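All the letters of the sequence shown, read from the start, carry residue numbers -21 to -1, 1 to 328 under mature numbering (1 follows the signal peptide of the UniProt record, and there is no 0).
Using N, Cα and C, we set each Cβ at its ideal position, and we do this for glycine too.
Bear in mind the structure is a predicted one, so any value in this text is a computation, not a measurement.
A quick write-up on the structure given underneath.
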Amino acid sequence: MKRLFVLIPLLLAAVILGACGADGSEKSASNKSKDDVIKLTYAFFAPAGTFPAVQMEEWKKRLEEKTDGKVEVELFPGGTLLEANNMYDGVANGTADIGLTSTSYEPGRFPLLAISDMPSGYANAKSASHVAADLVEKYPPEALKDFKIITTFATEPAYIQSKKPISSIKELKGKQLRIAGALTPIMEELGAAPVGMSQAEVPEALQTGVVEGYVSSREILKDTKLAEMVGYVTDYPLALNTFIAVMNKDKWDSLPEDVQQAIDELNREMTEFTGDYLDNHVQESITWSQETHDLKIVELSESEKKSWDDQLSKMQEEYVEKVEKDGQPAKEYLEDMRTLIEKYNEQFK
């Protein structure tokens, strides 16, 4: 009996110590797990509500799910970490692990992509996104050779959105329209008077008459409420913006193989997601603008459309000749682009 009284306290002590040990080891494992989480920073220049930033949110969500929480992504939209003019440089020097911007914002740095950004008859954003992704894969931009490309997608083509209807080159002549940089030579070719300014300046410029409209993809009608200020969209697809997200190469090389695989899987997933999202969003924007602000779609006559096509096609071919002389496979790129546009326009019409 005495032996039993001695054994009971000893057993209880063992159980308590064992529990403490287990609890301690669990805490240790928990701390270790928390410390092992891979954290990535992802920067973009435009606000969170814009469609490229929606893509960022989706990429973050999918990557964290694919890696079971092994990776956490912190997003920095709205230029809070890097702006458009220093995005790629900022990723190169490690300010952000990943950066997203439009290659159109850096004229001259992406000579081949400038060919496919020109008016080329894209049916929609989904078609344009797949064409851009295929071309970037086959012709990796020299400017991005020291980065890991994370994903590629594109806007739908830009459209003229104006206070008064524009249905001909005659009506377009001399019109002051806000444009993004890459659109300048295109709109000059058609006789407009392009005005460079930030998107944030457009509402005031429309109110004061500094510009008579702008050229952009059509989701902006609802996203920035510009349908309140313009009444017409000319139904002619112009240039598009290609977006490429890149990762710092050293950061990429430091990632475990399973995380790299998850990121690679997301490359084309996000091309598909973003093109699909934007096309649906554009349709929603147009419907809202028509129902809420009586927006009108202006059609070109067949002869007028042919005139625009001929002028812009000639401009594109002249640019191709120039880039070819600079030692780039521009003619091959143009042929591949045309084949891909036909393929994806048919697939996603």
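Bridge-paired residues (DSSP) for residue i
| i | result |
| --- | --- |
| Gly192 | Ser141 and Leu156 |
| Glu53 | Thr20 |
| Leu79 | Phe23 and Ala224 |
| Leu126 | Note on residue identity: the sequence assigns Phe, not Leu, to residue 126. Phe126 pairs with Asn227. |
| Ala133 | Thr221 |
| Gly175 | Ile158 |
DSSP state of residue i mapped onto helix, strand, coil
| i | result |
| --- | --- |
| Tyr215 | coil |
| Asn227 | strand |
| Lys275 | strand |
| Glu270 | helix |
| Lys204 | coil |
| Leu169 | coil |
| Arg88 | coil |
| Glu37 | helix |
| Arg197 | coil |
| Phe(-17) | Low confidence applies to Phe(-17): its pLDDT is 41, below 50, so where it sits in the model is not reliable, and the reading given next is rough at best. Three-state DSSP puts Phe(-17) in a helix. |
| Phe327 | coil |
| Leu209 | Sequence check: residue 209 is Val here, not Leu. It is coil, neither helix nor strand. |
| Gln295 | helix |
| Gly69 | helix |
| Thr46 | coil |
| Tyr256 | helix |
| Ser286 | helix |
| Leu313 | helix |
| Ala102 | coil |
| Thr187 | helix |
| Ser233 | helix |
| Leu60 | coil |
| Phe307 | In the sequence on display, residue 307 carries Gln and not Phe. Coil at Gln307, not helix or strand. |
| Ser9 | Legend: pLDDT at Ser9 = 43, less than 50; position of this residue unreliable, no value from coordinates given. |
| Ser146 | coil |
| Asp243 | helix |
| Pro182 | helix |
| Ser264 | helix |
| Met249 | helix |
| Thr163 | helix |
| Ser108 | helix |
| Thr318 | helix |
Residue i at chain C interface by Cβ criterion, 8 Å
| i | result |
| --- | --- |
| Thr266 | Checking the listed chains, one finds no chain C in this structure; it contains a single protein chain. |
Residue j beta carbon less than 8 Å from that of residue i
| i | j | result |
| --- | --- | --- |
| Ser106 | Phe327 | yes |
| residue 333 | Leu42 | Because the chain here runs from -21 to 328, residue 333 falls outside it and cannot be looked at. |
| Lys143 | Glu183 | no |
| Pro136 | Pro98 | yes |
| Phe89 | Thr82 | yes |
| Ile242 | Ile94 | no |
| Pro31 | Phe222 | yes |
| Gly102 | Ala133 | Strictly speaking, residue 102 in this sequence is Ala, with Gly absent from that position. Contact flag unset, no. |
| Glu303 | Lys310 | yes |
| Tyr211 | Ser141 | yes |
| Val189 | Leu162 | no |
| Gln290 | Glu116 | no |
| Leu54 | Glu36 | yes |
| Val16 | Lys45 | no |
| Phe23 | Val70 | no |
| Asn220 | Ala179 | no |
| Tyr323 | Leu217 | no |
| Gly78 | Ala224 | yes |
| Asp68 | Met226 | no |
| Lys201 | Ser108 | no |
| Val181 | Arg197 | no |
Buried or exposed (CB count within 10 angstroms, at least 16 for buried), residue i
| i | result |
| --- | --- |
| Glu321 | exposed |
| Gly254 | buried |
| Thr59 | exposed |
| Asp113 | buried |
| Thr266 | exposed |
| Asp214 | exposed |
| Ile(-6) | Model confidence at Ile(-6) stands at a pLDDT of 38, short of 50, so the residue's coordinates are unreliable and nothing is read from them. |
| Glu263 | exposed |
| Thr271 | exposed |
| Leu313 | buried |
| Glu297 | exposed |
| Ser282 | exposed |
| Thr250 | buried |
| Ser177 | exposed |
| Gln186 | exposed |
* To do: Specify whether the stretch 135 to 155 and the stretch 282 to 289 touch according to this definition: at least 3 beta carbon pairs, one from each stretch, less than 8 Å apart.
  => The stretch 135 to 155, when compared against the stretch 282 to 289, does touch it at the 8 Å Cβ threshold.
* Asked: Below 8 Å, can you find three or more Cβ-Cβ pairs linking the stretch 173 to 182 to the stretch 229 to 244?
  -> Cβ pair count under 8 Å is below three, so no.
* Asked: Are the stretch 110 to 128 and the stretch 22 to 42 touching by the rule of at least three beta carbon pairs closer than 8 Å?
  -> Flag = no, the stretch 110 to 128 and the stretch 22 to 42 do not touch.
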